[in-house]
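Presented below is the structure to which this report refers.
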DNA sequence: TCAGGTTTGGAACGATCGTTCCAAATGAAC
DNA sequence: GTTCATTTGGAACGATCGTTCCAAACCTGA
């Protein structure tokens with residue numbers, strides 16, 4: 001196979017992303033990635049660069065999908081109040097595709113790498129700001145439509161929802177109890193009135 | 194020094210704990226621990242066992258201190274409402290001793306190891322349940338004293354505060370902005386009425 | 001003062017880490 | 001069919017990982 005690769009670049013990056021997502025950066029070896037993607041060492045290095053570059057590409061892919069496949073679609077398909085709930089449910093419920101819930105890749109990375117890697121920190125912080133802005137916009141829209149309490153401070157409440165969402169992503173990995181996670185979601189929704 | 198060690202066992206464990214806390218388990222090598230504690234390899238192994246045992250001892254030490262030096266003291270020194278705020282501030286403000294804020298060791302560990310290590314998961318989940326129970330008790334006491342809104346469901350609100358606290362611990366490492374962290378604390382306190 | 005058992009420090013182990021390198025395989029272009 | 005740029009698979013690199021081991025240093029009890 002000379003003039004074109006024998007593997008799908010995006011599909012392989014997706015498998016690498018799932019591996020990093022589930023195991024973290026340090027706990028994932030290049031050998032793990034070779035086995036999970038089915039692509040050889042040399043090809044991985046030639047295509048994506050070294051381990052850190054591959055991780056950054058995976059993180060950006062996750063970030064892009066969160067923006068395009070989650071926030072955008074949810075905003076288009078639901079009223080503001082339900083849109084917020086849908087985002088929460090995404091992180092509290094088991095992924096129907098993989099059958100497991102690895103929480104949030106951004107949140108996992110925020111704790112493991114953000115304090116020690118400026119490039120990672122920038123991507124993570126930007127993703128968190130985007131979610132915060134999404135919540136704020138939904139709250140403002142909901143207030144305008146009358147489905148969310150008008151007295152709320154949109155900015156402060158959005159920050160609170162962001163923290164709650166992150167908390168859910170963590171609890172999902174340490175206490176995957178349906179009652180607990182649903183309870184946190186309901187408590188968060190109740191703040192919206 | 195034959196019949197007694199030349200280093201303080203608890204003090205050395207404290208230094209190891211701070212290293213694991215700041216860097217995580219995988220990113221911390223035994224060589225790091227030797228340098229940070231000033232204790233030699235052989236002594237660390239003879240005293241604490243292997244790396245995982247040392248980590249578990251450090252995690253238990255953190256858990257014990259959170260129970261004895263944070264929750265217990267805060268509960269004794271403040272009214273229920275302020276006690277909740279004090280716990281939040283502990284995780285959102287820079288530690289005056291170390292000069293940095295590494296977030297919450299339990300939360301860091303919840304993401305990195307809890308899904309893949311049953312012993313770690315048990316310690317982490319128990320610590321989280323203890324904080325949740327603390328919040329619930331403070332809410333019930335505050336309701337009885339009239340400083341917290343009587344209409345609140347103590348159990349559900351406590352779960353919400355736990356998630357918010359975890360969110361703060363994560364944001365501290367990825368977006369250490371005073372306005373953001375204070376805002377989340379204020380939003381959480383506002384729920385108590 | 002001497003003997004005994006414990007701690008200590010550092011050398012050394014095999015395994016695995018991330019990374020590099022290269023001969024073999026490949027299929028489009030001529 | 002020949003040529004050739006490119007990919008491929010796996011061997012191999014040095015570094016570092018967690019861990020083990022042991023001679024030397026040491027203080028306590030006799």
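Residue numbers (this note's numbering), protein chains in the order written: chain A, 1 to 193; chain B, 194 to 386. Backbone N, C-alpha and C fix where the C-beta goes; we use that ideal spot for every residue, glycine too.
Among residues of its own chain, excluding the 5 on either side of residue i, which ones have a beta-carbon nearer than 7 Å to its beta-carbon?
i              : result
residue 271(B) : 279
residue 340(B) : 272, 273 and 274
residue 352(B) : 325
residue 140(A) : 154
residue 281(B) : 358, 361, 378 and 381
residue 317(B) : 299, 302, 303 and 307
residue 323(B) : 260
Could you tell me which chain A residues have their CB closer than 9 Å to the CB of residue i, listed as they occur along the chain?
i              : result
residue 347(B) : The contacting residues do not exist; residue 347(B) stays about 11 Å from chain A at best.
How far does the alpha helix (DSSP H) with residue i in it extend, from its first residue to its last?
i              : result
residue 314(B) : 311-338
residue 213(B) : 202-216
residue 289(B) : Unbroken run through residue 289(B): none, as it is neither H nor E.
residue 156(A) : 154-174
residue 106(A) : 105-112
residue 235(B) : 234-241
residue 191(A) : Element bounds for residue 191(A): n/a, residue is neither H nor E.
residue 32(A)  : 30-37
residue 64(A)  : 51-65
residue 265(B) : 265-270
Which chain B residues are close to residue i, counting only those with a beta carbon under 7 Å from its beta carbon?
i              : result
residue 110(A) : 363, 366 and 367
Can you find the residues in the same chain that come closer than 8 Å, C-beta to C-beta, to residue i, ignoring five residues on each side of it along the sequence?
i              : result
residue 62(A)  : 17, 21, 105 and 106
residue 1(A)   : Below a pLDDT of 50, predicted positions are generally treated as unreliable, and residue 1(A), at 41, falls in that range; the measurement from the model is reported next regardless. Same-chain partners within the cutoff: there are none.
residue 305(B) : 217, 218 and 219
residue 32(A)  : 19 and 23
Using a cut-off of 8 Å between C-beta atoms, extract the partners of residue i located in chain B.
i              : result
residue 159(A) : 373, 376, 377 and 380
residue 192(A) : Neighbours of residue 192(A) on chain B: none; closest Cβ ~12 Å, over 8 Å.
Residues in its own chain within less than 6 Å of residue i by CB, not counting five upstream and five downstream?
i              : result
residue 71(A)  : 134
residue 268(B) : 276
residue 227(B) : 234
residue 205(B) : 230 and 232
residue 314(B) : 307
Counting only Cβ pairs nearer than 9 Å, list the residues of chain B close to residue i.
i              : result
residue 150(A) : Residues of chain B passing the Cβ test: none, with the nearest at roughly 16 Å.
For residue i, go through chain A and note every residue whose CB falls closer than 7 Å to its CB, in chain order.
i              : result
residue 356(B) : 164, 167, 168, 171 and 184
>> So if I threshold CB-CB distances at 7 Å, which residues from the stretch 308-338 of chain B count as touching chain A?
In response: Within the stretch 308-338 of chain B, the residues whose Cβ lies closer than 7 Å to some Cβ of chain A are 308, 314, 317, 318 and 321, listed in chain order.
>> Please list, in chain order, the residues of the stretch 219-245 of chain B that have any C-beta partner in chain A closer than 9 Å.
In response: Of all residues in the stretch 219-245 of chain B, 219 and 220 have a Cβ within less than 9 Å of some Cβ in chain A.
> Taking any Cβ of chain B, which residues in the stretch 86-108 of chain A have a Cβ under 8 Å from it, in chain order?
Replying inline: Those would be 102, 103, 107 and 108, in chain order.
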